[in-house]
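Protein chains in written order, with UniProt numbering: chain A, 1 to 224; chain B, 1 to 224; chain C, 1 to 224; chain D, 1 to 224.
There are 4 protein chains.
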Amino acid sequence: MSDYGKAFALWREGSATPWRDYTRHAFVEGLRDGSLPREAFLHYLRQDYVFLIHFSRAWALAAVKSDNLDEMKAAAATVNALVNHEMQLHVETCAAEGITEADLQATPEAAANLAYTRYVLEAGFSGDFLDLMAALAPCVLGYGEIGARLGKEATSQTYKGWIDTYAGDDYQEVCRDVGALIDAALVRRLGEDYTQTPRWSALSKHFDTATRLEVSFWDMGLTP
Amino acid sequence: MSDYGKAFALWREGSATPWRDYTRHAFVEGLRDGSLPREAFLHYLRQDYVFLIHFSRAWALAAVKSDNLDEMKAAAATVNALVNHEMQLHVETCAAEGITEADLQATPEAAANLAYTRYVLEAGFSGDFLDLMAALAPCVLGYGEIGARLGKEATSQTYKGWIDTYAGDDYQEVCRDVGALIDAALVRRLGEDYTQTPRWSALSKHFDTATRLEVSFWDMGLTP
Amino acid sequence: MSDYGKAFALWREGSATPWRDYTRHAFVEGLRDGSLPREAFLHYLRQDYVFLIHFSRAWALAAVKSDNLDEMKAAAATVNALVNHEMQLHVETCAAEGITEADLQATPEAAANLAYTRYVLEAGFSGDFLDLMAALAPCVLGYGEIGARLGKEATSQTYKGWIDTYAGDDYQEVCRDVGALIDAALVRRLGEDYTQTPRWSALSKHFDTATRLEVSFWDMGLTP
Amino acid sequence: MSDYGKAFALWREGSATPWRDYTRHAFVEGLRDGSLPREAFLHYLRQDYVFLIHFSRAWALAAVKSDNLDEMKAAAATVNALVNHEMQLHVETCAAEGITEADLQATPEAAANLAYTRYVLEAGFSGDFLDLMAALAPCVLGYGEIGARLGKEATSQTYKGWIDTYAGDDYQEVCRDVGALIDAALVRRLGEDYTQTPRWSALSKHFDTATRLEVSFWDMGLTP
Chain A
1 MSDYGKAFAL WREGSATPWR DYTRHAFVEG LRDGSLPREA FLHYLRQDYV FLIHFSRAWA
61 LAAVKSDNLD EMKAAAATVN ALVNHEMQLH VETCAAEGIT EADLQATPEA AANLAYTRYV
121 LEAGFSGDFL DLMAALAPCV LGYGEIGARL GKEATSQTYK GWIDTYAGDD YQEVCRDVGA
181 LIDAALVRRL GEDYTQTPRW SALSKHFDTA TRLEVSFWDM GLTP
Chain B
1 MSDYGKAFAL WREGSATPWR DYTRHAFVEG LRDGSLPREA FLHYLRQDYV FLIHFSRAWA
61 LAAVKSDNLD EMKAAAATVN ALVNHEMQLH VETCAAEGIT EADLQATPEA AANLAYTRYV
121 LEAGFSGDFL DLMAALAPCV LGYGEIGARL GKEATSQTYK GWIDTYAGDD YQEVCRDVGA
181 LIDAALVRRL GEDYTQTPRW SALSKHFDTA TRLEVSFWDM GLTP
Chain C
1 MSDYGKAFAL WREGSATPWR DYTRHAFVEG LRDGSLPREA FLHYLRQDYV FLIHFSRAWA
61 LAAVKSDNLD EMKAAAATVN ALVNHEMQLH VETCAAEGIT EADLQATPEA AANLAYTRYV
121 LEAGFSGDFL DLMAALAPCV LGYGEIGARL GKEATSQTYK GWIDTYAGDD YQEVCRDVGA
181 LIDAALVRRL GEDYTQTPRW SALSKHFDTA TRLEVSFWDM GLTP
Chain D
1 MSDYGKAFAL WREGSATPWR DYTRHAFVEG LRDGSLPREA FLHYLRQDYV FLIHFSRAWA
61 LAAVKSDNLD EMKAAAATVN ALVNHEMQLH VETCAAEGIT EADLQATPEA AANLAYTRYV
121 LEAGFSGDFL DLMAALAPCV LGYGEIGARL GKEATSQTYK GWIDTYAGDD YQEVCRDVGA
181 LIDAALVRRL GEDYTQTPRW SALSKHFDTA TRLEVSFWDM GLTP
């Protein structure tokens, strides 16, 4: 098990079935053994470009909702990394497949994509920093867990580039940092016994819903 | 054609196919001729209860985003009507079918339901009053148009209660008021030639997306 | 001491000095003994009209940020009462003084007025329902406390109309309801021991800051 | 005259008096000729630290409210520069004066400071990207104009460090970029004739109010 902090471990345990559906999804297994059709992967990449735009907006909202400089620095650095680096990587990967940046920008947003990002953003707008973190966690940390596992278990080179990105030290460090950010934010607002407050179950619900929306995102990826 | 103002007429024309898919959906036709399975109708009512909670929140957001007292009064009256009256009607209709308020509150939110309301709320949070109005319009005015048509074309008494609500003078007046509110808000912010501004196409996109999400909502209604 | 619930009692105790500066302000004493210059009172009424617009928007935001139907109903009813009744009362009081509604709408917003309402709204947008309630409480409940006291201690009839409004049963009931809404919202999110969570001090800070902004508002009222 | 684009030139012209009050304020003249008391400068620096936290949050909100990748990149880079660089510079300048980072974090927020940042943030939350830009412009671009002038007209070395920061090529480039960002955002949303839409006067009002709040901020700086 990846160690991305205490809250994540508890949330994952509390959403065991959807978490497994997400992290062991047929799409993921197809990345692992190379059986994922190229067409599905490219469809996923296009949708993920649109996803990353809204996901970056959600991390920017985390900076808005921070209540101390450490949280702001972490959120600002994440936005910058997403917008000025990860999206660039995406553009380059797609370019190598003959998909231009103009194609990416013209991608019609799939229903499962829209549902997921708007859920996360709305949770953040309507709630506070913690609501947003709970809704953001499954994507960031789930990709970390998937990447770490496939880094060890992959039986094919076909999707090595994708796997290396998320299995790599850089991304794994991001996951540990985000896990630590979440743990500190919980204690800072709700105290050491945060799991004893009613807020904890509301936050766990956000984590659970976002995890289910990840499952739908993979489902969508399989049906170009 | 129902006359709910100029902007609505243009938006509807610009989204002719999804608008038809929405307002002539099999679910709607089943209400008209009474062929809609009871189970589907009750499933829809349960989901609509959850929908109305978030829809009311979106109208409350319209009051927040108003920039004059007339808009605030209109939005505040709508929220009050939704929360303190329409939801009550819902509760009573459901009670007559043996569905308690506790059942309603415990309804798990369907994916198509969540996608729609979060889209509308997020459009409002991220944009201004006009973005929110464009995303709210298909629900309010589409139900008006459906109600008005079924009021004339229904061939069955089975769903007479539902039809009468939306065909009735009260609801039709709400639709004319909302249409007028939107027209005035557009002129007030963008000028008489508002369709010539780039904003108009962004607003039309919100209307179009929300209309497509209405289609998915009916689809969901048909599959309890 | 007015009994508007547990959280209010604790907040007031924790901000004893600014609370006294607010509720025993020279402006308030001038209302009590009739010594407040008419010019100052009319200046205050004009600014309060602008204040109420933004204050109503803040209560609408509370409806958006509610997480259950009871909170929504309370917030929606408050917005409706403010926008469709209290503001009307304001307009009528001002009309009796020769100030037209057009005058009211043209009132340039004083700096102390702007500072207060934007603080409250921003606390609500950036935080959750509790942050908003803590920032809204000093105005709603302070006017209740001032009204109740002046209802007993007034030595002049000059500002009887104003005093009767806030001393009256209707307004006192609103205060008890808002106090109960806040107490329930705290328990619902943070548990019975909510004062033991770090959130409590952040909320108390909002209450304290908003109380200080009320003092500045009275100061502004005295300097037309 | 600094050339930071078309919209800025029009806004500045439309708010000529407050703009002059802001950019030729006694505080500014004291920086120019070295007559500003050290105590006032340090008071200003402390408050500016608190200001920059909320100002960074407002730029993060601009990333949230962007509707294309270019706007997001610009906003994200600005947040990152503010949070991870400009604030660091601040900390170092203060440290050289014996003010620790802990002192900075413990600074009680002055009323004029709070009024300004909450106004900007609320304008952004309630409105769209343009509302936020109009409210952010006076600070960013006014400091550019002040810096550029003092770079030429300073008659003392006392505040050379401060002046060099804002007169320097890096900051001047930021100003030209922000001016271009605003011009492009206006055309993108309202069309080439954006000054002919009613929105333009609402945006000009934001610029005007924020400029007046800058004047109050300098006033506050002069009274430690």
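Beta carbons: idealized from backbone N, C-alpha and C, even for Gly.
Chain-order list of residues whose beta-carbon lies under 6 Å from that of residue i (same chain, five-residue window excluded)
i         : result
C/Ala-60  : Val-79
A/Asp-208 : Ser-15
D/Val-91  : Glu-101
D/Val-178 : Val-140
C/Thr-211 : Ser-15, Pro-18, Trp-19, Tyr-22, Pro-138
B/Glu-34  : Reading off the sequence shown, one finds Gly at residue 34 of chain B, where the question assumed Glu. Excluding sequence neighbours, B/Gly-34 sits near Ser-156, Thr-158.
B/Ala-74  : Leu-181
C/Ser-216 : Ala-112
Contacts of residue i in chain C (Cβ-Cβ under 8 Å)
i        : result
B/Ile-53 : Leu-69, Met-72
Within-9 Å CB hit, residue i to chain A
i         : result
D/Thr-130 : According to the sequence provided, residue 130 of chain D is Leu. The question's Thr does not apply to it. Chain A contact via Cβ: absent.
B/Leu-104 : no
Beta-carbon neighbours of residue i, restricted to chain D and to distances below 9 Å
i         : result
B/Gln-196 : Gly-191, Asp-193
Within chain A, partners of residue i - CB distance below 8 Å
i         : result
C/Arg-199 : Arg-189, Leu-190
7 Å Cβ shell around residue i - same chain, five flanking residues per side excluded
i         : result
D/Thr-23  : Gly-142, Glu-145, Ile-146
B/Gly-151 : Ile-163, Ala-167
A/Glu-153 : Arg-32
B/Gly-127 : none
C/Ala-9   : none
Cross-chain neighbours of residue i in chain A, by beta carbon under 9 Å
i        : result
D/Arg-57 : Ala-63, Val-64, Lys-65, Ser-66, Met-72
Cβ pair residue i, residue j closer than 9 Å
i         : j         : result
D/Ser-2   : A/Arg-57  : no
A/Ala-123 : A/His-206 : yes
A/Val-83  : D/Met-72  : yes
D/Gly-221 : D/His-85  : no
C/Ala-112 : C/Asp-219 : yes
D/Asp-183 : D/Ala-63  : no
D/Phe-129 : D/Ala-185 : yes
A/Arg-118 : C/Leu-190 : no
Below-9 Å beta-carbon distance, residue i vs any chain B residue
i         : result
D/Ser-126 : yes
A/Thr-209 : yes
C/Met-133 : no
A/Ala-137 : no
Neighbour list for residue i in chain A, Cβ cutoff strictly below 7 Å
i         : result
B/Tyr-119 : Leu-114, Arg-118
C-beta neighbour in chain D for residue i, strict 9 Å
i         : result
C/Glu-214 : no
A/Ala-60  : yes
C/Ala-185 : no
Cross-chain neighbours of residue i in chain B, by beta carbon under 9 Å
i        : result
C/Ala-77 : Asn-80, Val-83, Asn-84
Proximal residues to residue i (C-beta, below 8 Å), its chain only, five neighbours per side dropped
i         : result
D/Glu-109 : Gln-47, Val-50
A/Val-174 : Thr-78, Ala-81, Val-140, Gly-144
D/Gly-161 : Thr-93
B/Gly-98  : none
C/Leu-132 : Ala-58, Leu-61, Ala-62, Lys-65, Val-120, Ala-123, Gly-124
Cβ of residue i within 9 Å of any chain C Cβ
i         : result
A/Ala-202 : yes
D/Ala-154 : no
B/Met-220 : no
D/Glu-122 : yes
Neighbour list for residue i in chain C, Cβ cutoff strictly below 7 Å
i         : result
D/Ala-111 : Ala-115, Ser-216
Inset, instruction - Pick out the complete alpha helix (DSSP H) segments inside the segment 155-221 of chain A, 4 residues or longer, and give them in chain order. - result: 160-167, 169-190
Legend entry - Complete alpha helix (DSSP H) runs within the segment 57-111 of chain C (minimum length 4 residues, chain order): 69-81, 87-96, 101-105
Inset, instruction - Mind listing, in chain order, the continuous alpha helix (DSSP H) runs of no fewer than 4 residues lying wholly within the segment 12-56 of chain B? - result: 16-23, 26-33
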